Every structure is written in C-alpha cells, then in structure tokens.
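Numbering (my numbering), first residue to last: 28 to 659.
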C-alpha cells in the first residue's frame, strides 16, 4: 500500500537534522534557546502524529476505530500546540521574562482545555486511493483555535514591530505568514496535507535566521562571540543574576608596525581558558575576551593560574618581537549586579583599566569601592551635563586677553560652565573629560558658539572694541562633517561677522585628526575665521604642526609659563619659542599670569598677549561687558 506521507516524511527528516545540529552544539543558556527547543520537539511530534494518522486511516479496515480516531485527534491537538508555539516564541521577545511567565501560565491552563475540546469532539475521516484526511467538528475546532493563535501572533508582530529588530521581524512574520496561508489552504482543501511542510519551513527560517548556535560562535578564537555575550548579559541583568565578570584586554604598544603580538597572546589565552568547565568565555569586540562565572572563587583561581601561565608561556612571545610591546589587562568585577546593564558593565571595566598607570606587560585589577565611586560620579556628571543642556543651564564665562603692545584688552576666551540645578557650578576639570568621553562636548561646543554669537549681536557696541572672541573646538567637533555648515548657520542667524570668531584648537586635535582638520580649516579661513593653537608645549609637541597648521596665534601652555619662573631651561625654551613664532609671523599668548612680576617678565620676552588672573578670572557675560566698558 502506498501512503501519502512523502512530504511529511521529508519534513520530519529535516526537523531531525536540525535537532541534531541544535542539541549537539554548545549553547549559552538563553531562554529563547529553551523555547526554540520546545518548538523543535513540538514540530517533530506533530509531524510524527501526522504520519501515524495517515497510516492508521489507510488501515482503518484492520485497526480499531478508536485507535484511528485517537491518532487523528492527537494530530489535531498537536497542531493547536504548534500554533500556540508561535505566540509563545514572540512573547519571549516582547515581554520581560517575569511578565512572560505570568502570561504563559495562564495560556498553559487554556491550552489543555482546547486540546481536550478536540479530544471529546466527534471526528470522521476520508480515504480513497492516496487521498486521506480527517474531517468533522473536531477538525473545525482545531482550525478555529489555530487561527486564533496565528492571528494573535501576527497582530503582536505588527503592533510591536518597534520592539523587534529587522532580522527577528522578518523571521517571525515569514513563519506566521506560512502558517496562515497553508492552514487556510488545507482548511479549504482537506486533501492537501501541507501544514507539516510549512511547519518545517518555519523551523528552518527560525533556525537559520535566529537560533543557529553557530552564529553565536567565534570560529577563529574558539569561543562564543560578542553577539552571544550581549544576548546573555541582557538576560543576566533582567534576572538580576550575580555573575563574576573578568575582562582580558590585549593591546599592542607599537614602535614600528603592527605585528599582531597581542592577537597571538589572545589566541593562546583563549586556549588556556578552554581548560575550565565552570566558566564561559566570549570574544568581545576589539582584542578582548570576557569570562563569566557564577562562582567568584573559581574566577579568582582562573586569574591566578593565568598569571602563572602568562609568565611561563606568553611573556616570551612579546620579547621575541622587538618592535612590539604587548600588554594584557585583566579586570574582574566580582558581582555584575553592581551595575544596571551591559553598557554600564563595560564602561566600568574600561574606566578601571584606564585608571591604572602600570606599564607592566600583565596588569591584574579588581573593581573595588573606589572604582565604583568614580564610575558613579562619572555618570552623575554626565547626567548633570545632559540636564544642563536640556534646561539651558550651560553658561559661558569670558576671560579677557590683554595686549602688551596696545596696553588694553583686545580679545577674550569663551569658557563653558555647567551650573547645577541648585545653582552651584561643576568644575571644568571634572565635566570636560566626561563631556569629551561621552560625545556631549559636541553639544557643549554648539551651545557655546550660540551664546558667544548672541553676546556679539546683543552687545555690539562693547564687543566692537574687541578684535575677536576665542571659542574652543574639541577633537570630536572637528570630526563632524557638518561643522562648517553649522558654524555658518549660527553666525548668519545672529548676524555676526565670522572674523569676530577665533577658533582655538589643541595640539591633541592637530595630531589626532590632522588631514580632516586641515581641510576644514581651509573652509573657515576662506570665511574670515582665524585660528589659535592652544596648550603649545604640552604633551606631544611637534614644531612641524606649527609650520603646517594655518594658525595665527599660539598659546603657551600654563605649565611652561610656570616653569619659566623656576627653571633656567624653561626661560630659554620660552624665549626661543617666542622668537620662532614671531619669525613665522605668529602672535604669542602667555596663559596663567597672576602677578605684576609675571606680567613684566612676559613683556620682557616680547610676548604679544597676556591672559590670567592678574587681569581677571573668567566671569559671566554681564560682568565681562562691565569690565570691558570700564576699561574703555
């Protein structure tokens, strides 16, 4: 006898193959993995009952009618379960896990009742040649319940689309579309047994787009990848599970060329970590491995043994490559519940790593209370900056600049100040590094320029006595493609002559973004804007930058000026720098001048401009206007 089960048999073989791939692969323990496992088992059982029911119907002349009826009804009940599986899967994505469990508990009460309704409802079947199908009230009840689940799932997908990423939306909507089309076709044409086939296609879609364990593995390093790490950490934080997190960060300090020493050490480290069974290792972005463990003692044991392993086996790798110095930083956070999410976790680890001044090739750190205090303070300051920008509590203070040749104030520097809601000010030394690190420096820079232009427009009579106002530009601002366009828009809106603005850049900016900076500076220069080079003599000073950068003013670093008064070498450096600048047609500003003695000393060195507390501290705009007005 020939049975009409070729499609079902092929489908169940595909399901079995997927089950082998899925269950034999190492997984990270995501809740969605458990739900998908239920779908796989459910699809297998449903197809199995489909095949059994067809065989039993074809042999109804020799089998007890009760057995045939039971096979048909169990198949129908499994269809309802699989229709519900779609809703179950999508709810894991749309609901927090705690709420999901509450909803599913209710559904798990309803589902057996629906299955029971099928089991107690009359059913009949048809068999002629290869045409085989069941029919009657039980079949109708099955389709009603199945359509309810399918349509509810589709509704959830469409109405909550913003909560699903594109890949997940495509996978789940395709799966449900297949279900809806094939269920409708089979309901209208009972002899077309295609639901099992669509079930298999749906499982294939989910597997290849969303649930393939191979997509969570980094094949090169031999551990889970960064996507797997973020998925698992999201689950960890949602459940408030206290995992111990250890970061192994590998970097090369290059003196010539990138020889990949740190990458080599990372691969060896990954091999070392695979020895341990009670930890999970992930390859994060860049050269970083992340180790998770529920047991702090085990994590500490691994780190201790890694230190010995590194000294015995890995330290020599760096020595073998003379032009590259590799460094490994190991940072452990004993309890990840000390932070709220994965972004905060890696921010804390990064801050702890950056706070270390050690130059050793292997640095082992533990996140302690001091690191946590600094981390929380960092984010408090970031929140204060955002709040100040949103509520217009960013103020601009102005510090006048004195001309030694004209014996009067000729310009000033605009300096950002952040005022708290209680009226107190946050120290620039505290908020500027945070603003630069978070990217908020761009918003601050835009707001400062707006307020400077507003002052130039509102106090035109007073400001006309000044040559220009210096406005600081950060590295981040110079990397903006629309920096020049924004500048033109703001100055035009306030009717300000661009020549009234002098843009102050740092040596850091000129080093980090030299090519971009030069192209952008040309646009500004053509528009009448001038430039100053701030903090000259600090950090990575390079005289070629003075030659290459189209600046008209260099501002000597305050530390250099202070050194001038205590070291003879510094006096020679200042004198030589001033002569060089003048020979290049540049003007020089001395910052940090606080006494008449310092002022006269700078005059004797032919320094053009003086800035410092001797004349005035940075003051609010109204005080600055009053100061300039009185000075005449």
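For glycine and all other residues, C-beta sits at the position ideal for the given N, C-alpha and C. Nothing here was measured: the structure is a model prediction, and the numbers come from that model.
Handout entry: C-beta atoms of residue 230 and residue 221 nearer than 9 Å
Key = For the purposes of this step, residue 230 is identified with residue 203 of the chain shown, where counting begins at 1. For the purposes of this step, residue 221 is identified with residue 194 of the chain shown, where counting begins at 1. Their beta carbons are not under 9 Å apart, which means residue 230 does not touch residue 221 by this criterion.
Exercise for the section: Helix, strand or coil for residue 606, going by three-state DSSP, please let me know. Expected result: As a first step, residue 606 must be located in the chain shown, where it is residue number 579. DSSP places residue 606 in helix when its eight states are reduced to three.
Practice task
Check residue 315 in the structure and name its three-state DSSP category.
Solution key: The residue you call residue 315 lines up with position 288 of the chain shown. Of the three classes helix, strand and coil, the one that applies to residue 315 here is strand, per DSSP.
Practice task
Might you give, ordered along the chain, the residues of its own chain that have their beta carbon closer than 8 Å to the beta carbon of residue 150, omitting 5 neighbours on each side?
Solution key: Looking up residue 150 in the chain shown gives position 123. 96, 99, 100, 103, 161, 162, 163, 164, 165 and 166.
Handout entry: For residue 6, the nearest candidate out of 602, 621 and 652 (CA to CA)
Key = The structure shown has nothing for residue 6, since the chain only spans 28 to 659.
Problem - Cβ-based burial, residue 610 [other Cβ within 10 Å; buried from 16] - result: The residue you call residue 610 lines up with position 583 of the chain shown. Residue environment analysis places residue 610 among the exposed positions, since fewer than 16 neighbouring C-beta atoms fall within 10 angstroms of its C-beta.
Problem - CB of residue 493 within 9 Å of CB of residue 527, strictly - result: Residue 493 sits at position 466 when you count from the first residue of the chain shown. Residue 527 sits at position 500 when you count from the first residue of the chain shown. Cβ distance < 9 Å, so residue 493 and residue 527 count as in contact.
Practice task
Give the range of the alpha helix (DSSP H) segment to which residue 77 is assigned.
Solution key: Position 50 of the chain shown holds residue 77. If you look at residue 77, you'll find it in the alpha helix (DSSP H) that goes 58 to 85.
Exercise for the section: State the Cα-Cα distance for the pair residue 335 and residue 74, rounded to the nearest angstrom. Expected result: Working through the chain shown from its first residue, we reach residue 335 at position 308. Working through the chain shown from its first residue, we reach residue 74 at position 47. Looking at the two C-alpha atoms, the distance is approximately 55 Å.
Exercise for the section: Please state whether DSSP places residue 433 in a helix, a strand or coil. Expected result: Numbered from 1 along the chain shown, position 406 holds the residue referred to as residue 433. Coil at residue 433, not helix or strand.
Exercise for the section: Taking residue 243 as the reference, give the member of 483, 592, 91 and 49 with the closest Cα. Expected result: As a working mapping, residue 243 is identified with position 216 in the chain shown. The shortest C-alpha to C-alpha distance from residue 243 to any of 483, 592, 91 and 49 is the one to 49.
Problem - Pairwise C-alpha distance: residue 420 and residue 413 - result: The count along the chain shown starts at 1 and reaches residue 413 at position 386. The count along the chain shown starts at 1 and reaches residue 420 at position 393. The straight-line gap from Cα to Cα measures roughly 10 Å.
Handout entry: Contacting residues, own chain, Cβ-Cβ under 8 Å from residue 342 (five flanking each side not counted)
Key = In the chain shown, counting from the first residue as 1, residue 342 sits at position 315. Excluding residues within five positions, the ones whose Cβ falls inside 8 Å are 388 and 389.
Handout entry: DSSP-derived helix/strand/coil call for residue 91
Key = Taking the first residue of the chain shown as position 1, residue 91 is located at position 64. Annotated three-state conformation of residue 91 is coil, per DSSP.
Exercise for the section: Inspect the beta-carbon positions of residue 476 and residue 428 and report whether they are closer than 9 Å. Expected result: The count along the chain shown starts at 1 and reaches residue 476 at position 449. The count along the chain shown starts at 1 and reaches residue 428 at position 401. The Cβ-Cβ distance between residue 476 and residue 428 does not fall below 9 Å.
Practice task
Have a look at residue 189 and residue 68 and give me their C-alpha separation to the nearest angstrom.
Solution key: If you number the chain shown from 1, residue 189 lands on position 162. If you number the chain shown from 1, residue 68 lands on position 41. The straight-line gap separating the alpha-carbon atoms of residue 189 and residue 68 is approximately 30 Å.
Exercise for the section: Rounded to whole angstroms, what's the CA-CA distance from residue 76 to residue 31? Just pull it up for me. Expected result: Your numbering for residue 76 matches position 49 in the chain shown. Your numbering for residue 31 matches position 4 in the chain shown. Distance between residue 76 and residue 31, taken at the CA atoms: about 14 Å.
Problem - CB of residue 236 within 9 Å of CB of residue 177, strictly - result: Here residue 236 refers to the residue found at position 209 of the chain shown. Here residue 177 refers to the residue found at position 150 of the chain shown. Taking 9 Å as the Cβ cut-off, residue 236 and residue 177 do not qualify as a contacting pair.
Handout entry: Beta-carbon contacts of residue 489 that lie in its chain and below 7 Å, excluding the five residues immediately before and after
Key = As a first step, residue 489 is located in the chain shown; it is residue number 462 there, counting from the start. Hits under 7 Å: 652, 655 and 656.
Handout entry: Local conformation of residue 291 per DSSP, three classes
Key = Against the chain shown, residue 291 aligns to sequence position 264. In the structure shown, residue 291 sits in a helix (DSSP, three-state: H, G or I).
Problem - Sub-9 Å separation of residue 580 and residue 614 beta-carbons - result: Counting from 1 along the chain shown, the entry for residue 580 is found at position 553. Counting from 1 along the chain shown, the entry for residue 614 is found at position 587. With contacts defined by Cβ atoms closer than 9 Å, residue 580 and residue 614 form a contacting pair.
Practice task
May I ask you to verify whether the segment 398 to 413 touches the segment 447 to 466, counting CB pairs closer than 8 Å and requiring at least 3?
Solution key: Contact holds: three or more Cβ-Cβ distances are below 8 Å.
Handout entry: Cut-off 8 Å between Cβ atoms - residues of its own chain near residue 461, not counting five sequence neighbours on either side
Key = The residue labelled residue 461 in the question sits at position 434 within the chain shown. So the qualifying residues of the chain are 405, 408, 409, 412 and 467.
Problem - Simplified DSSP state of residue 303, which is helix, strand or coil - result: Within the chain shown, the letter at position 276 stands for residue 303. Coil.
Handout entry: Reference residue 88, options 66, 143 and 153, closest by Cα
Key = Within the chain shown, numbered from 1, the residue matching residue 88 stands at position 61. Closest in C-alpha terms to residue 88, from the list 66, 143 and 153, comes 153.
Exercise for the section: Inspect the CB distances between the segment 141 to 149 and the segment 200 to 207 and report whether three or more fall short of 8 Å. Expected result: Verdict: no, contact absent.
Problem - Of the listed residues 60, 71, 157 and 632, nearest to residue 82 (C-alpha basis) - result: Working through the chain shown from its first residue, we reach residue 82 at position 55. Closest option to residue 82, Cα to Cα, is 157.
Problem - Contact under 9 Å by Cβ, residue 118 with residue 183 - result: Taking the chain shown and counting its residues from 1, the one referred to as residue 118 is at position 91. Taking the chain shown and counting its residues from 1, the one referred to as residue 183 is at position 156. The answer is yes: Cβ separation under 9 Å.
Problem - Beta-carbon separation (whole angstroms), residue 425 vs residue 616, contact threshold 8 Å - result: In the chain shown, residue 425 corresponds to position 398, counting from 1. In the chain shown, residue 616 corresponds to position 589, counting from 1. That pair is no contact at about 15 Å.
Practice task
Have a look at residue 321 and residue 267 and give me their C-alpha separation to the nearest angstrom.
Solution key: Locating residue 321 in the chain shown gives position 294, where the first residue counts as 1. Locating residue 267 in the chain shown gives position 240, where the first residue counts as 1. Their backbone Cα atoms lie some 12 Å apart in a straight line.
Handout entry: Coarse secondary structure for residue 133, derived from DSSP in three states
Key = Here residue 133 refers to the residue found at position 106 of the chain shown. Helix at residue 133.
Problem - Beta-carbon separation (whole angstroms), residue 484 vs residue 521, contact threshold 8 Å - result: Looking up residue 484 in the chain shown gives position 457. Looking up residue 521 in the chain shown gives position 494. Yes, residue 484 and residue 521 are in contact; Cβ-Cβ is about 4 Å, under 8 Å.
Practice task
Let me know the secondary structure DSSP gives residue 508 once reduced to three states.
Solution key: Your numbering for residue 508 matches position 481 in the chain shown. Looking at residue 508 - three-state DSSP - the assignment turns out to be coil, as it is neither helix nor strand.
Exercise for the section: With DSSP collapsed to three states, give me the class of residue 639. Expected result: Here residue 639 refers to the residue found at position 612 of the chain shown. Under the three-state reduction of DSSP output, residue 639 falls in the coil class, being neither helix nor strand.
Handout entry: In chain order, each alpha helix (DSSP H) run of at least 4 residues that lies wholly inside the segment 194 to 240
Key = 222 to 233, all fully within the segment 194 to 240.
Exercise for the section: Note down the Cα distance separating residue 326 from residue 299, rounded to an integer number of angstroms. Expected result: For the purposes of this step, residue 326 is identified with residue 299 of the chain shown, where counting begins at 1. For the purposes of this step, residue 299 is identified with residue 272 of the chain shown, where counting begins at 1. Taking the straight line from one Cα to the other gives about 13 Å.
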